[in-house]
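Asks: As given, the protein sequences belong to chains V and W, one line each in that order. Plus 25 on top of the position in the first sequence (first one is 1) and you've got our numbering. Plus 390 on top of the position in the second sequence (first one is 1) and you've got our numbering. First the structure, then my questions, so here it is.
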Amino acid sequence: MPYTPYFVLSAILFAIGLTGLFIRRNLLLMLLAIELLLNSANLSFIAASARWGELTGQVFAFFGMTIAAAEVTVGLALAILLFRNVDSVDTKHIEMLKG
Amino acid sequence: MQAFIFYPFATLAVLGALGVISLRKPTRALLSLILTMFSLAVLFLLLQAPFVAMVHLVVYAGAVLVLFLFVIMLLGIGARETRVGENFKKGYLAVSFFVPVAFSALLISLALTSGGGTLQPAEGSPDAFGRLLFTRYLLPFELVSFLLLIGVFATVALASAKPPEKS
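Next comes the structure, spelled out in structure tokens:
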């Protein structure tokens, strides 16, 4: 089986995740969309690794997962802090960051 | 044979992804993300990456998404999505369409034209993966573990910050 469908699936998942990132107004759900983006990138890495017979792609997919885990811990801590301060995780309440 | 496994799970992954961005209740969006993760793990197995598939299941479905679930339950009603699509412009759709299509067109054209052999099942074993990770990629591995340490520091610093006086 050729590897083209894997890259196409990865592109579809990335497009869906990016759209989700744009239309969501809830910090938690935006983080979920970012997880989707990272996963589609991992799928590309692993499909390329299988296509070229090179394990490097799998190693970098592994690093990508680690980065996603670090991003999620900090992002969720920020979401909880925002909720503690303004009683909502809606991004319209982050406008106080404007200079 | 591979196509019989690929297409059902690819469809499941896309359906789960659509659920992630369209469902109003955060818990349901999270569960459909878990569906996507499981289907992606199956695809990783198809691509001779058994170790990454298992780590994907344990780390994502097991740890990250459960962490998300805890936070959603902690926030309760406050986590509910109220308005989907406000401030949304058509131009955003063009961006979210163009970026992945351009990138994967590049990858596909590379995959169709360049040489190089494909990965044999024995080469993708956890044994070979571990050897590569701890020899050629030892420095990135240590840097990534340092990144996780910084993540822990950041979380502790954020969690112990005092809330400001509400006025």
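For every residue, glycine included, the Cβ atom is placed at its ideal position computed from N, Cα and C. Note that the structure is predicted; figures quoted are calculated from it, not measured.
Could you run through the segment 413-441 of chain W and flag, in chain order, every residue whose CB is less than 8 Å away from some CB of chain V?
Replies: Answer set for the segment 413-441 of chain W: Pro416, Ala419, Leu420, Leu423, Thr426, Met427, Leu430, Leu433, Phe434, Leu437, Gln438, Ala439, Phe441.
Asks: What residues of chain V sit near W/Leu408, judged by a beta carbon separation below 7 Å?
Replies: Correct list: Ile41.
Asks: Taking Cβ-Cβ distances shorter than 9 Å, what residues in chain W pair up with V/Met55?
Replies: By Cβ distance, chain W contributes nothing, its closest Cβ being about 10 Å from V/Met55, past 9 Å.
Asks: I want to verify the contact list: residues of chain V whose CB lies under 7 Å from the CB of W/Gly507, in sequence order.
Replies: By Cβ distance, chain V contributes Gly78.
Asks: Report buried or exposed for V/Arg76, applying the criterion of at least 16 other Cβ atoms within 10 angstroms of its Cβ.
Replies: Per the 10 Å Cβ criterion, buried.
Asks: What does a CB cutoff of less than 7 Å around W/Leu402 pick up in its chain, not counting 5 residues either side in sequence?
Replies: Excluding sequence neighbours, W/Leu402 sits near Leu425, Ser429.
Asks: With DSSP collapsed to three states, give me the class of W/Asp517.
Replies: DSSP places W/Asp517 in helix when its eight states are reduced to three.
Asks: Determine, using beta carbons only, whether W/Gly452 comes closer than 8 Å to chain V.
Replies: So no, W/Gly452 is outside the interface.
Asks: Would you mind working out which of V/Ala73, V/Ile48, V/Glu60 sits nearest W/Phe493, comparing C-alpha positions?
Replies: Measuring from the Cα of W/Phe493, the nearest candidate turns out to be V/Ala73.
Asks: For V/Ile129 and chain W, any beta-carbon pair shorter than 8 Å?
Replies: Here chain V comprises residues numbered 26 to 124, so residue 129 of chain V is not present and cannot be evaluated.
Asks: By Cβ distance, which residues of its chain are closer than 8 Å to V/Ala36, with the 5 residues on each side in sequence left out?
Replies: So the qualifying residues of the chain are Ser65.
Asks: Answer with yes or no whether the minimum CB distance from W/Thr545 to chain V is below 8 Å.
Replies: Yes - at least one Cβ of chain V is within 8 Å of the one on W/Thr545.
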